[in-house]
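Protein chains in written order, with our numbering: chain A, 234 to 946; chain B, 2 to 326.
Ideal Cβ placement from N, Cα and C applies to all residues, glycine included.
The structure appears below as structure tokens.
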Amino acid sequence: MTPIFKNLFFILSYLSLSACNEQVLNSPYPEDSEGTQSVLYSSFSERPRHLDPAKSYSANEYVFIAQIYEPPFQYHFLKRPYELEPLTATKMPEIIYLDSSEKVLDKDAKADEVAFSDYIIDLKPGIKFQPHAALALNKQSEFLYHHLSQTQLADINTLSNFEQTGTRELTAADYVHQIKRLVHPKISSPIAELMKHYIVGLSDYAESIKDKPRTALKDSAISGVEVLDKYRYKIRIKGKYPQFIYWLAMPFFAPMPWEADAFYSQQALIDKNITLDWQPLGTGPYMLEENNPNLRMVMLKNPNYHTDFYPAEGQVGDKEKGLLRDAGKRLPFIDKAVYRLEKETIPYWNKFLQGYYDASGIASDSFDQAVQFTGGGKLGLTQAMQDKGIQLQTAVTSSIFYMGFNMLDTVVGGESEQARKLRLAISIAIDYEEYISIFMNGRGVVAQGVIPPEIFGFSATESGINPYVYDWHRQQPRRKSLADAKQLMQEAGYAGGVDNKTGAALILYLDTAASGPDDRARLNWYRKQFAKLGIQLVIRATDYNRFQQKMLNGNAQIFMWGWNADYPDPENFFFLLYGENSKVEHGGENAVNYQNSEFDRLFKQMSNMENSPARLAMSHKMQEIIRHDAPWIFGFHPKSFSLFHNWYHNLKPNLMANNKLKYLRIDPQQRKLMRKKWNQPVLWPIILVIILVILLALPAVRSFQRRARETIK
Amino acid sequence: MFNYILRRFLYAFPLLLGVNILTFVLFFVVNSPDDMARMQLGQKHVTEQAIDNWKHQRGYDLPLLINPQVAGLDKIKDTIFYQKSLRLFAFDFGISDSGRNIGQDIQQRMWPSLAVALPSLVVGLMVNITVALMMVLFRQSYLEFATIVLCVIIMSISSLFYIIGGQFIVGKLLMLVPISGYDTGLNAYKFLILPVLISVVSGVGAGARWYRTLFLEEIEQDYVRTARAKGLTETQVLFKHVLKNAMIPILTGVVVVLPLLFMGSLITESFFSIPGLGSYTIDAINSQDFAIVRAMVFLGSVLYIIGLLLTDISYTLVDPRVRLS
Chain A
234 MTPIFKNLFF ILSYLSLSAC NEQVLNSPYP EDSEGTQSVL YSSFSERPRH
284 LDPAKSYSAN EYVFIAQIYE PPFQYHFLKR PYELEPLTAT KMPEIIYLDS
334 SEKVLDKDAK ADEVAFSDYI IDLKPGIKFQ PHAALALNKQ SEFLYHHLSQ
384 TQLADINTLS NFEQTGTREL TAADYVHQIK RLVHPKISSP IAELMKHYIV
434 GLSDYAESIK DKPRTALKDS AISGVEVLDK YRYKIRIKGK YPQFIYWLAM
484 PFFAPMPWEA DAFYSQQALI DKNITLDWQP LGTGPYMLEE NNPNLRMVML
534 KNPNYHTDFY PAEGQVGDKE KGLLRDAGKR LPFIDKAVYR LEKETIPYWN
584 KFLQGYYDAS GIASDSFDQA VQFTGGGKLG LTQAMQDKGI QLQTAVTSSI
634 FYMGFNMLDT VVGGESEQAR KLRLAISIAI DYEEYISIFM NGRGVVAQGV
684 IPPEIFGFSA TESGINPYVY DWHRQQPRRK SLADAKQLMQ EAGYAGGVDN
734 KTGAALILYL DTAASGPDDR ARLNWYRKQF AKLGIQLVIR ATDYNRFQQK
784 MLNGNAQIFM WGWNADYPDP ENFFFLLYGE NSKVEHGGEN AVNYQNSEFD
834 RLFKQMSNME NSPARLAMSH KMQEIIRHDA PWIFGFHPKS FSLFHNWYHN
884 LKPNLMANNK LKYLRIDPQQ RKLMRKKWNQ PVLWPIILVI ILVILLALPA
934 VRSFQRRARE TIK
Chain B
2 MFNYILRRFL YAFPLLLGVN ILTFVLFFVV NSPDDMARMQ LGQKHVTEQA
52 IDNWKHQRGY DLPLLINPQV AGLDKIKDTI FYQKSLRLFA FDFGISDSGR
102 NIGQDIQQRM WPSLAVALPS LVVGLMVNIT VALMMVLFRQ SYLEFATIVL
152 CVIIMSISSL FYIIGGQFIV GKLLMLVPIS GYDTGLNAYK FLILPVLISV
202 VSGVGAGARW YRTLFLEEIE QDYVRTARAK GLTETQVLFK HVLKNAMIPI
252 LTGVVVVLPL LFMGSLITES FFSIPGLGSY TIDAINSQDF AIVRAMVFLG
302 SVLYIIGLLL TDISYTLVDP RVRLS
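In structure tokens, the structure reads:
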């Protein structure tokens, strides 16, 4: 046998043996990574910037910290509309209203009578922090690692290098400490300025500690926040602000032991990137075992997690969907959650199909592969997805994307009837149904007002439509005709897109931060929508920094923007149009600089009210004012599409709760079987290529050998 | 030679200062400290006061290049440029705008970059030389013609296509390696196969053709004719004489890129989720983290200067006629 054939024989034998072995070669996880544990595999596309609950304010960070830190309250996992329930608290807070002389008022006291509201929160005893080096004590009850020596530091590169860990019971002082942290200048909490408006004494406190280190927070006090006893604390806020309870369900108000600040303030640890911003310390069901945001984040079940059970009741239909199968069982179910960095959607999607991720969203590139429209116009999974047992879940998000008219602009803005009719005409002409169909694969719901579905004040009936843009037709809203829009244009003095007074063509300007190649089609589409009315739309694309600057200066005429709810309350949407929040004058979130005295009056009133029929009526009235004035074109509420494998259980869309991981359950055995079935290596093409290359090269080699052996005759 | 190296290092200082100033100016033409603060603080409830506090805490409330409100040297010293950029010369990269130690991050992230770049370079070099030698060995045969056509085809295709196609065929259809990802230690090997393979395949077209040209130039030399006249076989001529002499431009070409291997590849690292320095730079640009951007540009410049110096030194090692003075 020649050497070539000998080598070929060995290669073929190896490949054949590998194929017979039925081993999975493409698994991105180490073989022994699971053992008997129930492991969830997920991903993150952008590395979290902050894991400090005082700083963190974005969804990709809440994926982690909401499982680690526990504010006193949480959203019920199953109930809808969204409902708050105690988490580390024993009950919902006791709220006491006081007048300016600190005299207690009735529960139903009017907002203008209430000078202060006291929130008294009772905590469950016996809750413990996760094991952590910051809490480790020696035999003399002194902290082991609060004053690290150079010798101790030599072997420390990560938090796991600390040999000893400790824990202690959660107390009311830990919650108070976190409130103090919100205003420490070194921490730069995004809600510091907002909370200074509400929490009594927070502004003064911020001033008093502005030059002090974080370790000084422990021994200073805020006048409005008080530890009543080991398990009770009180927060005093200015006036009546019922939405404050929602803030108490966010990680900003999670407990932080003072020991964490003392431990992490050591410069030597900061130099090694061991900081509280990267290594959390909480009481939640999970703790961060590995924090390598460049590669993966691994969370393990917190061995000290307090007793917590899966809810026994939910929404109508939850039982039938199997969502109450685990009712009353101890949480959490998953032992370990592995989040891997996946920057691109295509590799992520393919790994999901191979079973290496348990759930996935649907990127535009994969939409047709995953979802199809059935005969009745309903969405369903493709056969390939159904064959894999993949399930689809959709939910309308609690956010809104809108097109805004700068009300300070001389053409589209202002209170004049001419400008209002122009805005309404454009509202009718821009066909967002078409937009959702073309650019979002149908993943959105056209907005009829400011409030998204599932938020108090939303109505899906005839009374909930925008009557200035839609008609109610066959139990559904139907966009008014283009003729109606043209009529409005005529009434506004712009018949056929020409200014009646000057005879000049109407040119409007759309400012946008969308300037990438993918956005070109969208922007062209907008041009065409305006062109239906004869309006020439000029796109002023810029980067997001410049765009924000234009908005701050009021230099934009028309723009597109969006808002995602902080909490499920209409106030969190109406405030985007409240006069005192106008962007130009006050630097607030009212980007259109809308000002309507009646709307503002109603806003002030409704924002201090509990949900009630009177508040609902007020919300409807406010919606009517906005629809009439049309400072916004209510674009759409995006619809999230999630796919998950059939070994993944207890999934229910909950757009408010972030601590959902503890409720989820995985069947690892089934996953193992399916992964093996779906990932058998295919080796024959490689063998074929090798044979082909050899066959092609053989004649040339032979010819070369013949030539080399030739002699001069 | 020592004097030459010293002189080159001294030349590097004004060069690096220029790079530093240019990076600084370009960055702040596009981003203001207010923009950076907004980016770090998020989109919601960001007040002017919060922005001012963020800037003050990180020293971005100072003037950019000259401070007219102070006298003497402080005019230069009390500026963002002086405070943030000049300490780079001591390789003190400082803290990123999101609060992480950049030096630590670079130390951690250069290894994955190197893990992809080094095997890509070595295997790529071997494959390119082998293919080029084969082309020279089988010159004027159908095999050479077919290989040249294949090389031109390979050169004409975008590298992004190789990445997506490679992931699709090798990772998804054949299921031989993970589609993307990375792991620490020895577990990283299976994640490196595909990016290295793609890097080698996508580079073979240009590389093999370039080396073929070098070999063909050598093969026409007098010493080759002499070797043949001595009765050496074609393979002996190629491997013992042609390859050795053609190694001078190959080696110097390789030495110049050696230091830059640490910097990683932007596209490969992004598509394969490899946590290297390439993706670190891209992330920093996206999040407007000036501290990281300036550190990475500075590091890139230093490594490039070192690369050029090493090239000069390598000339003296492979060609005894060259002397550095």
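- prompt: Name the chain B residues that come within less than 7 angstroms of residue 915(A), Cβ to Cβ?
  reply: 174, 175 and 176
query: Is the CB of residue 112(B) under 7 angstroms away from at least one CB in chain A?
result: no
- request: Please report the Cβ distance between residue 484(A) and residue 534(A), rounded to the nearest whole angstrom; I am assuming they are in contact, meaning their Cβ atoms lie under 8 angstroms.
  value: Their Cβ separation, rounded to whole angstroms, is 19 angstroms, which puts residue 484(A) and residue 534(A) out of contact at 8 angstroms.
field: Through-space distance from residue 790(A) to residue 772(A), alpha-carbon basis
entry: 11 angstroms
- prompt: With residue 559(A) and residue 572(A) assumed to form a contact (beta carbons below 8 angstroms), what rounded beta-carbon distance in angstroms separates them?
  reply: 23 angstroms between Cβ atoms; not a contact.
message: Rounded to the nearest angstrom, what separates residue 461(A) and residue 355(A) at their Cα positions?
response: 10 angstroms
query: Using 7 angstroms as the limit for Cβ to Cβ distance, is residue 140(B) near chain A?
result: no
query: Can residue 431(A) and residue 474(A) be called in contact, C-beta distance under 7 angstroms?
result: yes
- prompt: Are residue 309(A) and residue 303(A) closer than 7 angstroms when you measure CB to CB?
  reply: no
message: So, with DSSP's three-state summary, where would you put residue 807(A)?
response: helix
query: Using a Cβ-Cβ distance under 7 angstroms, would residue 577(A) count as near chain B?
result: yes
query: Going by Cα to Cα distance, which pick from 696(A), 713(A), 695(A) and 694(A) is closest to residue 703(A)?
result: 713(A)
query: Which ranges does the beta strand (DSSP E) cover as unbroken runs of at least 3 residues, wholly within the region 340 to 378 of chain A, from first to last along the chain?
result: 349 to 355
- prompt: Under 7 angstroms Cβ-Cβ, which residues of chain B neighbour residue 290(A)?
  reply: 43 and 45
query: If residue 402(A) sits next to residue 360(A), beta carbons under 8 angstroms apart, how far is it from one beta carbon to the other, in whole angstroms?
result: 7 angstroms
query: Using CA coordinates, which residue listed in 334(A), 574(A), 382(A) and 635(A) is at the minimum distance from residue 499(A)?
result: 382(A)
field: Assigned exposure category for residue 305(A) - 16 Cβ within 10 Å defines buried
entry: buried
- prompt: Considering only C-alpha positions, which residue in the set 645(A), 674(A) and 667(A) is nearest to residue 611(A)?
  reply: 674(A)
query: Can you give the Cα-Cα distance for residue 315(A) and residue 844(A), rounded to whole angstroms?
result: 12 angstroms
- prompt: What first and last residue would you give for the beta strand (DSSP E) that runs through residue 523(A)?
  reply: 519 to 525
- prompt: Of the residues that make up the region 231 to 257 of chain B, which ones have a beta carbon closer than 9 angstroms to any beta carbon in chain A?
  reply: 234, 235 and 236
query: Would you call the CB atoms of residue 292(B) and residue 160(B) closer than 7 angstroms?
result: no
field: Distance, residue 445(A) Cα to residue 380(A) Cα
entry: 19 angstroms
query: Is residue 491(A) helix, strand or coil by DSSP?
result: helix
- prompt: Would you call the CB atoms of residue 208(B) and residue 156(B) closer than 7 angstroms?
  reply: no
query: Which residue from 615(A), 582(A) and 639(A) puts its Cα closest to that of residue 793(A)?
result: 639(A)
task: Could you tell me which residues DSSP puts in a beta bridge with residue 872(A)?
output: 629(A)
field: residue 616(A) - containing alpha helix (DSSP H), residue span
entry: 616 to 620
message: Between the alpha carbons of residue 266(B) and residue 114(B), how many angstroms are there, rounded?
response: 7 angstroms
query: Rounded to a whole number of angstroms, what is the C-alpha to C-alpha distance between residue 619(A) and residue 731(A)?
result: 54 angstroms
message: I'd like to know whether the C-beta of residue 795(A) is nearer than 7 angstroms to at least one C-beta of chain B.
response: no
field: DSSP state of residue 192(B) mapped onto helix, strand, coil
entry: helix
- request: Give the residues of chain B in contact with residue 781(A), contact being defined as C-beta atoms less than 7 angstroms apart.
  value: 39
query: Quick one: any contact between the region 436 to 455 of chain A and the region 757 to 773 of chain A, if contact means 3 or more CB pairs under 8 angstroms?
result: no
task: Tell me, to the nearest whole angstrom, how far the beta carbon of residue 179(B) is from that of residue 261(A); I am working on the premise that it is less than 8 angstroms.
output: 4 angstroms
task: Could you say which of 43(B), 31(B) and 309(B) lies nearest to residue 796(A) if we only look at CA atoms?
output: 43(B)
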